[in-house]
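Sequence lines, in order, name chains A and B. Just so you know, we're using our numbering here: the first sequence kicks off at 15 and counts up by one. Just so you know, we're using our numbering here: the second sequence kicks off at 15 and counts up by one.
Number of protein chains: 2
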Amino acid sequence: MTLPHPNTDQISLPIVLGVLGDPTRLAIVRYLASKEGVPLNCSQFLDLGSKTNLSYHLAKLREAGVTRAEVVGTSRLITLRRDDLDARFPGLLDSVIAAAGDDPALPMVGGHDIEVPA
Amino acid sequence: MTLPHPNTDQISLPIVLGVLGDPTRLAIVRYLASKEGVPLNCSQFLDLGSKTNLSYHLAKLREAGVTRAEVVGTSRLITLRRDDLDARFPGLLDSVIAAAGDDPALPMVGGHDIEVPA
DNA sequence: CCAATTGTTCAATAACTTTTGAACTAAGGA
DNA sequence: TCCTTAGTTCAAAAGTTATTGAACAATTGG
Chain A
15 MTLPHPNTDQ ISLPIVLGVL GDPTRLAIVR YLASKEGVPL NCSQFLDLGS
65 KTNLSYHLAK LREAGVTRAE VVGTSRLITL RRDDLDARFP GLLDSVIAAA
115 GDDPALPMVG GHDIEVPA
Chain B
15 MTLPHPNTDQ ISLPIVLGVL GDPTRLAIVR YLASKEGVPL NCSQFLDLGS
65 KTNLSYHLAK LREAGVTRAE VVGTSRLITL RRDDLDARFP GLLDSVIAAA
115 GDDPALPMVG GHDIEVPA
């Protein structure tokens, strides 16, 4: 019950860049980065699209080697493959996340820019 | 007789990533980076595709804000927009070029890996 | 002026990507 | 067991991107 992931040396630069060149997927990666260490499941991204559509985008990210999905019960716990990406393409993920960090054109997972508690 | 270019603040991260997510265009950018300072014209990329096809890919790069094309006579002198990209997305171009630098899966402009003089 | 060089544009086609809804599987709880 | 939850798969439709060849424009040199 494990999903297919490329190993580190199979991660391809053009494929990673192509996969990140989609606003929905970039928003997923930005959100994963903002919660690094906390594994998220698919339903936490439902702001970004339908269940089916997210399944598609999350599969693209996984197949490109950007994310890892671990099957736990009926959930898939999704994490960024930061170590593998840093090893393969040093600095790339950080610069992408920094650039995405303040892009108002990207969709938001929370539906708003900033968490504003009372 | 000037071609349309986005200004710096109009350069979009997902569009840049999407445009770089193509092996031909990544090879163009890698070659431009390897000859930085030297403006190149389109015909120097003919190893990578037909004249028509290169016109298409070079237009994509220019419209995304990755390259600048200056019209000089019948030529277009093409350069990387390094300053603009660095200002907008610090570190991104460098990490992409470094990652592309040794990717044997990318097409080569010279048709060979390394310049081997006598 | 004529021809060559450089590159663009256009229309067609092929190939791929995204999005959708309906049907499905698999695990977990009552 | 039955129902719910979580997510996938499939097929269709819609949209986008890449590639090609033929025709075109603009500049340069003879």
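Where a beta carbon is used, it is the ideal one built from N, C-alpha and C, also for glycine.
Residue i versus the options, residue with shortest Cα-Cα distance
i, options, result
"B/L60", "B/V52, B/S69, B/P53", "B/S69"
"A/N21", "A/I42, A/C56, A/L99", "A/L99"
"A/V43", "A/L106, A/T81, A/K65, A/C56", "A/T81"
"B/R76", "B/L106, B/V123, B/C56, B/G63", "B/C56"
"A/H19", "A/N67, A/K74, A/A47", "A/K74"
"B/Q24", "A/G32, A/A47, A/D117, A/G124", "A/D117"
"A/E50", "A/L94, A/R102, A/L27, A/T66", "A/L94"
"B/K65", "B/S89, B/G115, B/A119, B/P104", "B/S89"
"A/L72", "A/G124, A/A119, A/V30", "A/V30"
Per-residue contacts from residue i into chain A (C-beta, under 8 Å)
i, result
"B/L31", "L31, G32, L34, G35, L40, V110"
Chain A contact for residue i (CB, 8 Å cutoff)
i, result
"B/D98", "no"
"B/D127", "Below a pLDDT of 50, predicted positions are generally treated as unreliable, and B/D127, at 49, falls in that range; the measurement from the model is reported next regardless. With 8 Å as the cut-off, B/D127 does not count as an interface residue toward chain A."
Contact set between residue i and chain B, taken where Cβ atoms lie within less than 7 Å
i, result
"A/S26", "A119"
Chain B contact for residue i (CB, 8 Å cutoff)
i, result
"A/G105", "yes"
"A/A113", "yes"
"A/N21", "no"
"A/A73", "no"
Whole-angstrom C-beta distance between residue j and residue i, which should lie under 8 Å
i, j, result
"A/L107", "A/R96", "6 Å"
"B/L34", "B/V110", "6 Å"
"B/I92", "B/P53", "6 Å"
"B/L40", "A/A113", "The pair is not a contact, with the Cβ atoms about 18 Å apart (cut-off 8 Å)."
"A/A78", "A/L17", "The Cβ separation is near 13 Å, so there is no contact."
"A/G151", "B/G32", "Residue numbering for chain A in the displayed model covers 15 to 132; residue 151 of chain A lies beyond these limits and cannot be assessed."
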